[in-house]
Every structure is written in structure tokens, then in C-alpha cells.
Amino acid sequence: MKYNFNEIEAKWQKYWAKNQTFKAVNGSEKPKYYVLDMFPYPSGAGLHVGHPLGYIASDIYARYKRHQGFNVLHPQGYDSFGLPAEQYAIQTGQHPAITTKDNIATYRRQLDQIGFSFDWSREVRTSDPSYYKWTQWIFIQLFNSWYCKHAQKAFEIKELITYFEETGNGNIDAVCDDNVEVFTAEEWNAYSWEKQQDILLKYRLTYLAETEVNWCPALGTVLANDEIVNGVSERGGHAVIRKKMTQWSMRISAYAERLLQGLETIDWTDSLKESQRNWIGKSVGAQVKFKVVSNEVKEAPELEVFTTRPDTIFGVSFMTLAPEHELVQQITTPEQKEAVNAYILATAKRSERDRMADVKTISGVFTGAYAIHPFTQKLIPIWIGDYVLAGYGTGAVMSVPCGDERDYAFAKHFNIPIINIFEGVDISEEPFTDKQKTVIGNSDFLNGMNYKKATKRAIYELEQIEQGEGKTNYRLRDAVFSRQRYWGEPFPVYYVKGMPQMIDAAHLPIKLPEVEKYLPTETGEPPLGNATVWAWDTNKNEVVSNDLIDNETIHPLELNTMPGWAGSSFYFNRYMDPENQNDIASKEAMDYWKDVDLYIGGSEHATGHLLYARFWQKFLFDKGVVPVDEFAKKLINQGMILGTSAFVYKINLEFKLIYTIKPLPETILLNYAQPFGKVKEQDGSVDSNYLVSKSIYESYKGTNPSIDTLTFVFDFNKEYWKNRIMNQVLENVEDKQVLNFYDVELELNNFNLKPIHVKVQYVNASDELDIEGLKSDREFGEDYKDAEFILEDGVYKVGRDVEKMSKSKYNVVNPDDIVSDYGADSLRLYEMFLGPLEQYKPWNTAGITGVHNFLKKLWKLYADDNGLKITDVAPTKDNLKTLHKTIKKVQEDIENFSFNTSVSTFMIAANELTAQKCTSKDILEPLLVLISPYAPHIAEELWSQLGNSESISTAPFPEFDASHLVESSKNYPISFNGKTRFTMELPLDMSKDDIEAAVLANEKTQEQLAGRTPKKVIVVPGKIVNIVG
RNA sequence: GCUGAAGUGGUGGAAUUGGUAGACACGUUGGACUUAAAAUCCAAUGUCCAUUAGGACGUACGGGUUCAAGUCCCGUCUUCAGUACCA
């Protein structure tokens, strides 16, 4: 009986599919456990070995939990709306739905052959109307909701309307736009319908607003902040400009505080939580109003600033406004007007990127105006400076140079006085920014107070004189929710008199219309503008032809679509009950599954998907749709698998031909106006077609060898090259006869070795290149057919380097190849064996023989050429010790997500049991359950060979019995001054004194001491003996 | 700059609360089997010195705590990731 992995794996994959082995049951008696992977975008390239890493880890965990008796939900699906399919559609005209369907089929085939225990009956696809019906439904709920700051919760917009009708908006504590006017109930009721709708938009949790967006002309769409990297689009690297557009936005800022607080309740990685905290960017402080004195304005305006240090209010020596601040034009004095305008112009010209890159240059201009200090009544000069950002806080700062780095630098640069308000601190060289050690002085009623007390008091005093109040600011901005794309969820929105209206949820889904072209229209509208059947009939409640639009009963539909993160923000809830027609999932299903127990995915989603999904979850929780307000208890980021690229090294030669010319006939003399005997140089550059092996590359790289040493590198024929280059020169001369070379010398002008990527498939475990394989490659064979490979020790060694896996680097390894050569179990084990899950690590196919050999060895423990070798013989002490040692370690490892070390543990177990010649069923049967989560196919096969008729997947995990690991003696390391010199076998129950006596009596101890008397003997029973002296 | 993670043989990586550094693999070398190759099995494999016995040095670098430090403390350097004047 041989280990025929291909046969076994196909057999069990078929068995699992047929028997629905991994189907999760809603409402089982068993405790639930929900293991989720971030679902993939099905790209056209298919999977490479890096993609399944997280899926293998989560699969091991899911299978382990089944052995532990849990009812495990482990679903998979596709985030199938997205740009690549649309771009492909633009290029080829093929409908993205078809591309997507094909890609999904490839993904499914690839995933299936790795043997995942997914419950495929629950698969979701975000681009499926039966799924995006719910994305649209949630959008409608958001539109119909507002957020009450007081209750910290979302409520129905109807309640808000009632409130407006009865009391106006004067006392409402709601999250809304900054520019909402105050109105009474009478005023509200008198407003036109349009006006009311317009006001309500300022309160809705998703709203339409003119926003400055990141417009990418090349992609024809708006990008979210996190879709821009270094000022260019993340996808494609195109330029991005700021542009005003009417867009749907999500009022995520309403949830800023809860998103921040919620982080305390979830077990996510610290680095991820930290990124979210930074992104939310909470700062607590005060909003302070300063009166402005200005000759230019009759009624003195007020300048509002936000500060986190109200305790330092007596240290204010100037104010700084962002150049874009609206007060700037009002308050600037005529004398300063010119300078101020010049400065504003200069900063406006500087691009966003310049401003970011150039942080050190201090610039600013005095406006000529002054503000009045609320307590001292002293005049404070008002400056403008581009270190103050218009978009944060109020766009204005009270500058306290003694306590802030930038204010200090600004004050020093412009010679503005610096007031010291800290007791016992020297600020002549640098500001004092340590809040904790702060003792305020020189500050009237704040004197002697620490940061905390002074802050509280300052806010209190400001409130008394009505010139300020405590305030918390967040950096988190509302999220733009419109995309000018075809392949995304359509909005369930039509427009009446320019005002957005929601389609009744009963008529969902609103399906994507067919279009001829997937590009924006000629008038610059999004691709849906190409649709001819894209109007809403409010009588029939269906989508009808645009020709029928009468703006009475038939209205135009929204042309934007939703962004990529819409569909992924609640999918984890849909898996709980994916077929449900009436709800995202039934209440029973949600109450049973509640939340994700373990979520595995990449850290690149830290501030995108993972923040938006938390936001929607909290909203749905407020609406009573979901039972918990955090969707994932624990989250692990898997690292990336990198490729190990392979290089060959091509010699590039640049020759210099030095020749002396005889006198030439007159016609030519014009061209070669050189006297007889003059040396002329002619360069010749040659692509050599010689490829050198790695060590030759290393010894010649960067050197400048002479032409004669080249012969040592390879079979270099100087005469041949000389002639070749001379012919090259001659080709440039019209009449060949007239040229007579008198003396010619060839020299090497430049020599370099160029590394070239080659396909990693042609490299073996010893980094040797399969030259014949490369030459017969379908894609690149031509390039190398005539190449001369210069070997070292009879072989060609390639250079290696770790890089991101990518097609262009020819280091992509396809799991299909690995599965057919070594099997899915080997692939699964090897991906885990590579190293810790969260770490970035290189893939090197050569190493897979290690785990593959282990599986073969494991198989041999159970079966040989004569069939099964298992017996009912009682296990030996050693057998039991090996088994229980393994149980303990593997269980600990799985629970700590340390999958790499358990693979080692299995190897050790197999090595030991082989050495022990173990055939005992009592040992080998439980061992299979231990291995089953990692290598499920071989485990199922041997399990059934042992006579089990049920799948191994729900067999109970073996119980650890510590009694088998109890030892009677220990091989003590005996060290002298901390250095281990020898070991000694001693009973574990021996007393400290007896151990000391036994060790000192040993002749080796005496040898080591060489007559010296030990000063001290440290005995740690069961661990070590250390002799000092 | 700030935040977070990391730095151990030729390579991937092990090492519980400080207690025999380098488990387990890959690679390399030698050997067995074979006409040969593959496969398989056995042995060696951190560096240096030494014929051996043995010794010295070794976890990025420099200090420190300790009987004992990869592990704890202080400082420095490097790499990767995130972030960008947030008042």
C-alpha cells in the first residue's frame, strides 16, 4: 500500500462534498464557533501559493474546533464587485458579470483542491442581486436615520421630523453638518418640501453633499483617502486632484467615539487597534472664542480656536490662522494686505505633496490684526501660517510657544515674544511639552495647578465668561460613498426635483442596468448614464425606460454606484442565514451565531474594511437588526508569503576600437578630417549572449577587468570580436575600399553583469538551473536558445533574492502545481511550516520535500507493501510518552495560533514512533485526529483504513494525560560559572543537598574545579546545577 | 519625526515563568543500496583553534542586573509596516 496522495485527496474531497460533512447547522445543541476568512476578490490571475495561507490557518482552527465538539460555521464567498473586471470590460466589451463568474469558477476549483472545510452551501457573492438587495436595504436604513449625541445611538428620521414639527431644532443634540441654521417649529412647518428635504440631508446618516473629493481623471472616479498612496491612486498610480462634486457620504464621524471605545472590548492585534485609534484621532480640549479688534471691521468678529491645552491659555502670544481661513480677508489691515495676499497665493500654488514633504521650512505672515485675550484683555497679534490646516478643528490655533514645538519654532523664527507659564522650567532653548510634569505659573487663577486641574479650571472660567467650552475633536472624516463606476451596487435612489428619494425596501433589489459601454458618458456622467432603461416609475414601482421620465410619476435614477467596501461591511452577518428572503438573517440565526469568534485576514484592511464594517455593525445594532455591536471578537493578521526570485547574469560588453588610419582620398577626408597617424576611437557595445553562474558573477561584479582576463571568464575570442566590430565600423562608411586600417587594437571599455529574472520553476533545491528546461520554455525559450551558459563546478547556479510574488518577477508559484506534485496535505503543512502566521516569509518550493517526506514516513507507520501494519498490541511507556507529549504541544500550539511549531512536533512524533517501531492502534489512531486539522486527507484515509466508517472530522480530540510524561530522573546540566560542562543523570525526587553532594562527588566536577573550592553551589531541582568558584 | 513589529547558522525557523542556544526542516559533505539515476536509509554539519582530548568565541551593536541573559533593564544601529504639520 503506497501513499498515493492524488488519489486519496480526490477521494475525500468528493466524499466531503457528497456528504456535506462541513455543513453548519443553525440552532444546534452544540456550542457555536464562527471562523471567518476575509473573502477574496476573484481576480483573473487565480490563486498563487501566498493566497491560501490565512485560509489554511483558519481551516486548521475550524477543524480543531469540530474535534472539540463545537458546531463550527466556516463559510466562504466572494467580494465580487470591483475594478479589474470593469477595466477588462472596458477593454474587451465582455460583461463584468461573465468575467467574474469565470474567475469565481477558477477560484473555487483551486480552493476545493486544497481541501478546505468550508460550508459552501452558504456562499455569498456581493455582486449577486439577492445579496446586494441587503446592501441597498442597509443604505435605505442609514438614509432614514439620524444620530442622537445624547443617547449615543441612531434613531428613525421620522422621530426627528416630528420633533422639528413640534419644537424646531434649537434644542436637538444631533450629529449634523456644521452649517445647519436654527429654526422653530413654525418656521419648519412653513418651509417648502425641498427646503425640508435639504435640511434633513444634513442630519441623515448617509447624505448627499457637495464635497471636495479626490478625483482621479485617469480612472474617471472618486477615490477614498485610503485608496490613495503617496498622492497617486493605489491602483495604477494615476494622478489625483481635488474637485468639488455632489456625492453620497456616510456619517461615520457620528460613531467616532463608539468606534474608539469598542476597541477596548475586542481581541484584535495591538498594531491594528493602534492604526484605528490614529485614524479616529481623538483629541480632548476646548473651543475658545477670541474677540478680534480690527479697524477694518465695524463689528468685531470672533475667532474660534480649538486647543488641547486650555491650561496654557495665559501663554498665548499669537494666533495663527490657516491661509484659507474665512476671517483672513476681513481682518487683514491695508498695510499687510499685499504681504498676506502674496503669501496666500504662494501657499495655494504649493501642492499638497510639497507641503507635506517640506515640514521644516517655517513660513507665515502677520495680518496686522489683533485678538483680545479673554482673561488678560491684552492684545495678541494674529498671523497666518500654512502649518495650520484649514480642515482640522476650526482652522485656527492659539499659539503657545512655550508649550508647543511648532509654535515655538514659529515664534523664534519671527521674533515673537515667548511667555513662560511653567513653574521651574527653562524654555530658552526648547519648549516644555510634558503634560504630566506641568506646573502652571504666571497664570492668574491657574497658578500652581497641574495639567489636569488647570485644564478643568480654565474651561470652567471660559464658560463663565461665555468665551469657550470643553470640546472633543476627531480626525475621522465622513466617508464618501459614491463611485463613478459600473461594476458596483446601484443606489436604491431616484430624484424628485433634484431631491433624493429612497425606493421602498419592498421593491429591492434594484438590479444593475445593461449598458453598451462601461466608460463615463460623453457629458462626463458615470457609466450608468449610458443605460437607457434607468428610470423609476413610482406607480408601477419598477425600473422603466428613460424615455418615460416625466418628473411626475417617473423619475431619473441615481447614476453612481457604491464603493467596494459596501458589500463587505456586513457579509459576516449574511453567512448566518444566506438564503433568507425577508431579512439579512433571521433573528434566531443571529442570536445563535452572534459574532465571528475568529477572523483572519490581511493587515492592509486596518483602516478600510475593518473600520467601515465596525461602523455598519454598530448602526445595525442600534436599529436592533443585529444582536452585538462588534462583529468580530478576535482578529489575526496573516503575513504575506513572498517569492524567492531566481537570476541569471548576462555579460554586457562595451568595446573600444583604437585604430590608426592611412591617408585617405579627398572625398573621404571631409568626413575623417584627421591627419595621418592620429588615433581615433570608435565604441562598440555588444550584447554578449553569455550568461555566467552566480559565483562568477559575485567575483566579477563591480570589477573592471582587462580584455585579457576575460578569457578566464569564458571562451573569449579576441580576434573574432575585433573583426566583428571592425565590420560594424565599416558599415558606416560608404566606400569600403577607401578605408585601410593601419593598426587596430581592441580594448574593453566597459564590462558589466546584468541580473535577469528567470522562472523559478527551472531551479532546483540546490539553486541549480535546469538549462535545457529553460531553453525549451514556451515563453522564453527563444531568448536562451543560443545563449552560452558559463558554469561553475559543472553546474549553473542562479542568484536568489526575496521579493513580493509577482508575475513580472517570474517567482509566482501556482498551488495547482504543488498540489499535483506533492498533494494538498503537503501544501497545507508546508505553508504552516514556513514560519509564524503573522510574519512575512519567503516561499521556496525546494523545502516542501521536508514535509512531504514526513507524510510518507507517517504513512509508513500505518502501512507497508503488505498492507496495514496496525496491531492491537498494548502501547509501551515510550509510545504513550510520545503521544501525550504531542497532544499537549499541538493543543497548546493551535490555541496560540503557532501552527509552524506543531508541524515540527508531528515530525518529531513520527520520527520517534518509527524508531520505537510502534504499531499500536491505541497510539496511532488518536495521532490521526491530532494531524487531521493540518493534513485532513491522509488522516481521513488512514482513519477509514483503521475501520472507522464515519469521517474523522468530528472525532473527539484526544485527551492529554499528564501521568505519561512523569519522569523519574533528569539529565542535569552541570555548569561552572554559568557554562555547561557536562551532564549528570539524577533522580528527580532527590533533595537539593543530595544533588549538591552527588555533583561535587563526581570526578568530572573535581577535574573542572582543579583544586579550587566552590564559593557557592546553585541547585534548581529539575532544571540545572551551577557551581560558582 | 511619531507609532507598531522585528534583527538567532549557508537558508526557513525553534527555544514555557531567565536555566544545556540552534529543536524541526531545507541545503551541503561523506557513506550504504544501484550498471546508473531517482527514491530510500545512515552519519556529520554555528564559527575559529587543536591530530585527538579539549578549548575559545557566538542570538544586530555597546553597557548593566543576575549564580545564570536570545529572554530582564538602559542606550545605539539597521530592516519592514503604518502614519504625516491634528493644535
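For what it's worth, full-length UniProt numbering labels the leading residue of the first sequence as 1, then goes sequentially. Using N, Cα and C, we set each Cβ at its ideal position, and we do this for glycine too.
Taking the C-beta atoms as reference points, G393 is found no nearer than 7 Å to F318.
The Cβ-Cβ distance between S80 and T100 falls below 7 Å. DSSP, read as helix, strand or coil, puts G850 in helix.
Residue burial annotation: W193 is exposed, with fewer than 16 other C-beta atoms found within 10 angstroms of its C-beta. Spanning the alpha carbons of F619 and K885 requires a straight line of approximately 48 Å.
If you ignore the 5 residues before and after Q261, its C-beta comes within less than 6 Å of no other C-beta in its own chain. For S283, the enclosing beta strand (DSSP E) begins and ends at 282-293. Judged by beta-carbon spacing, A346 lies beyond the 7 Å limit of V365, meaning their Cβ atoms are not closer than that value.
The DSSP assignment places no complete beta strand (DSSP E) segment of no fewer than 3 residues inside the segment 801-888. Note that the segment 146-153 does not touch the segment 46-57; fewer than 3 beta-carbon pairs, one per stretch, sit closer than 8 Å. Where G470 is concerned, the enclosing beta strand (DSSP E) starts and stops at 468-474.
Given a length threshold of 4 residues, each whole run of the alpha helix (DSSP H) inside the UniProt domain "Methionyl/Leucyl tRNA synthetase" (38-147) is given here in chain order: 52-67, 83-92, 96-112, 129-143. Within the segment 565-634, the complete alpha helix (DSSP H) segments of 4 residues or longer fall at 571-574, 587-593, 609-622, listed in chain order. When DSSP states are grouped into helix, strand and coil, P509 belongs to the coil group. Going by C-alpha positions, R258 is about 39 Å away from G46. Taking a contact as a CB-CB distance under 8 Å, the pair A371 and V292 counts as one, their CB atoms being some 5 Å apart. Nearest in C-alpha terms to C176, of all of V648, V802, D478, is D478. By the criterion of a C-beta distance shorter than 7 Å, W943 is surrounded in its chain by L928, I952, once the five residues flanking it on both sides are discounted. A residue is called buried once 16 or more other Cβ atoms fall within 10 Å of its Cβ, and Q247 is buried on that count. Partner residues in the beta bridge of V480, as assigned by DSSP, are S249. With a 10 Å radius around the Cβ and a threshold of 16 neighbouring Cβ atoms, E186 comes out exposed. In the three-state reduction of the DSSP assignment, W536 falls in the strand class, which pools E and B. Taking all protein chains shown into account, E86 has 16 or more neighbouring C-beta atoms within 10 Å of its C-beta and is therefore buried.
Taking F906 as reference, the option from N896, E604, K888, N442 with the minimal CA-CA separation is K888.
Note that the C-beta distance between M590 and G488 is not below 7 Å. E542 carries a strand assignment under DSSP once its states are collapsed to helix, strand and coil.
Pairwise C-beta distances place the segment 905-925 out of contact with the segment 795-812, as fewer than three of them are shorter than 8 Å.
Taking each of A256, V425, S249 in turn and checking the Cα distance to R483, the smallest one comes out for S249. For K18 and S776, the gap between their C-alpha atoms comes out near 42 Å. Ranking F5, Y387, E423 by CA distance to the CA of Y408 puts Y387 first. Secondary structure of H373 (DSSP, three-state): coil. Burial is judged here by how many other beta carbons sit within 10 angstroms of a residue's own beta carbon; K2 has fewer than 16 and is exposed. Nearest in C-alpha terms to K869, of all of P875, F422, L861, is L861. About 17 Å separates the CB atoms of T472 and Y451; that is not less than 8 Å, and the two are not in contact. Rounded to the nearest whole angstrom, the CA to CA distance from G82 to Y612 is 17 Å. Judged by pairs of C-beta atoms under 8 Å, the segment 28-46 touches the segment 65-78, as three or more such pairs exist.
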